[in-house]
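Peer 1: Structure incoming, see below.
Residue numbers (this note's numbering): 80 to 333.
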């Protein structure tokens, strides 16, 4: 009989914490929504990204309020589960799953806010720098956006306990290639089209960044000597591709 009383007591506490978490999550979520709607949302609506969000039917304050409410509910759910009797490894798996789900929601909320910050800050920097050099401003905006995006996603991976994994390495490789595309396009646009070596130089620069990206992605997974073979092979291919242009230039000089 004592076991039944203990079980019903635990179930009662479980239900109580779920109800409290639901109510508190709803209240706090609404308060956060109201606060953001009267402060951040007013400023955001005047920006380009804010207008685009409105056009597609997305509300920033609603999203953050929802995330806040869900996080509070999940935290109370973890607390509620702790009052139930421990039933083997499967029950521990459920507890761990709820805890990780909380991390997922927090990570998604952080990425949402982080991406918005990246866009707004990059636009602000572009507007400031464009007073002096418009071409430099666009380049700086793209590189800055990629860097900040990498920082946001890296911290999100940390929240999900996915740092120092292939996901982190893939993210680093993506950042390298993105920066390469922006920088090379900016540099090549300033070189005259009639220069014969321009296409070769473009591929060569892309190749260098590809090697850097591959090294960043597979450094912890592939032996270094394998990557070196690709590097030497790429260097040899570039020399062979460059030979016709060099020979032609020598003939013109002679």
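The beta carbon of each residue, even a glycine, is placed where N, CA and C say it ideally should be.
Note that the coordinates shown come from a computational prediction; the quantities given were computed from them, not determined experimentally.
Residues in its own chain within less than 7 Å of residue 108 by CB, not counting five upstream and five downstream?
Peer 2: 144, 145, 147, 148
Peer 1: Kindly say whether residue 90, judged by its beta-carbon, lies nearer than 8 Å to any beta-carbon of chain D.
Peer 2: Here there is only one protein chain, and chain D is not present.
Peer 1: Throw me the rounded Cβ distance for the residue 197 and residue 222 pair, which I believe falls under 8 Å.
Peer 2: That belief does not hold up - the Cβ atoms of residue 197 and residue 222 are roughly 12 Å apart, past 8 Å.
Peer 1: From residue 97 to residue 289, what does the alpha carbon distance come to, in whole angstroms?
Peer 2: Near 51 Å, if we compare the C-alpha coordinates of residue 289 and residue 97.
Peer 1: List the whole-angstrom C-beta distance separating residue 199 from residue 101, where the pair is believed to meet the contact cut-off of C-beta under 8 Å.
Peer 2: Actually they do not touch by this definition, with Cβ atoms about 33 Å apart.
Peer 1: Once you ignore the five residues that flank residue 180 on each side, which residues in its own chain have a CB closer than 8 Å to its CB?
Peer 2: 153
Peer 1: Measure the CB-CB distance between residue 103 and residue 182 and report whether it falls below 8 Å.
Peer 2: no
Peer 1: Would you mind stating whether residue 201 and residue 220 have Cβ atoms separated by less than 8 Å?
Peer 2: yes
Peer 1: So residue 260 and residue 163 are in contact, right, with Cβ under 8 Å, and what is the actual spacing, rounded?
Peer 2: Going by Cβ atoms, the distance from residue 260 to residue 163 rounds to 53 Å, so no, they are not a contact pair.
Peer 1: According to the neighbour-count rule (16 or more other Cβ atoms, all chains shown, within 10 Å of its Cβ), is residue 95 buried or exposed?
Peer 2: exposed
Peer 1: Please return the same chain residues whose Cβ sits closer than 6 Å to the Cβ of residue 92, not counting the five positions on each side in sequence.
Peer 2: 162
Peer 1: How far does the alpha helix (DSSP H) with residue 137 in it reach, from first residue to last?
Peer 2: Segment: none, residue 137 is in no alpha helix (DSSP H) and carries neither H nor E.
Peer 1: Where do the N-terminal and C-terminal ends of the alpha helix (DSSP H) with residue 237 fall, by residue?
Peer 2: 213-238
Peer 1: Among 84, 229, 294, which one has its Cα closest to the Cα of residue 190?
Peer 2: Scanning 84, 229, 294 for the CA closest to the CA of residue 190 turns up 229.
Peer 1: Which residues in the same chain as residue 246 place their Cβ atom closer than 7 Å to its Cβ, once the five residues preceding and following it in sequence are excluded?
Peer 2: 236
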